[in-house]
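Take the sequence shown: its letters are residues 435 to 571, numbered as in my numbering.
Even glycine gets a Cβ: it sits at the ideal position worked out from N, Cα and C.
Bear in mind that the values here come from a model prediction, so they are computed numbers and not experimental data.
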Amino acid sequence: MTDQLKNRNFEPEFTFSTSRSSGPGGQHVNKTETKVELRFNIPSSEILTDEEKNKLLKELANRINTEGDLIISSQEHKSQSKNKEETIEKFYELIAKALTPKKKRKRTKPSKAAWEKRLKQKKMQSEKKQQRKPPEV
435 MTDQLKNRNF
445 EPEFTFSTSR
455 SSGPGGQHVN
465 KTETKVELRF
475 NIPSSEILTD
485 EEKNKLLKEL
495 ANRINTEGDL
505 IISSQEHKSQ
515 SKNKEETIEK
525 FYELIAKALT
535 PKKKRKRTKP
545 SKAAWEKRLK
555 QKKMQSEKKQ
565 QRKPPEV
């Protein structure tokens, strides 16, 4: 699925912004903007179909802001280019995961042994509680 998505080339619709990364980094940390944030506006995308847009908006709702932007950021690496590559990779993985159809659960019956074991446990529990009762006079 990711190969099919990469063949579509979403890059023209990406918007990148950079900022200073948090955490340790020495003297150089206060001068360079290595954190990269990728923004992709789902509703205005010309590459995705309406069905795909709806599915993405539903599946990735917690990662999408009010304008419909999917926001992915990375600050793992010390270089901006590596962080940019990582955000693009994360984007394709997220989209692929969200667009893959979910398998429907097949209902199964408990095995006969499990069923009998459950009934046996219930019977033992009920006998235990019966023995706790005071004797009738």
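If you count every other CB in all the chains shown that lies within 10 Å of the CB of N517, and 16 or more means buried, which is it? buried
From S453 to R473, what distance separates their C-alpha atoms? 14 Å
Helix, strand or coil at E447 according to DSSP, with G and I counted as helix: In the structure shown, E447 sits in a helix (DSSP, three-state: H, G or I).
Count the other CB atoms within 10 Å of the CB of T483; is the residue buried (16 or more) or exposed (fewer)? Exposed is the call here.
Sort out for me which residues DSSP pairs E471 with in a bridge. S451, S507
Using CA atoms only, rank isn't needed, just tell me which of K543, N488, V470 is closest to E456. As written in the sequence, residue 456 is Ser, which differs from the Glu given in the question. The residue with the shortest Cα to Cα distance from S456 is V470.
How many Å lie between I529 and H511 at the Cα? 23 Å
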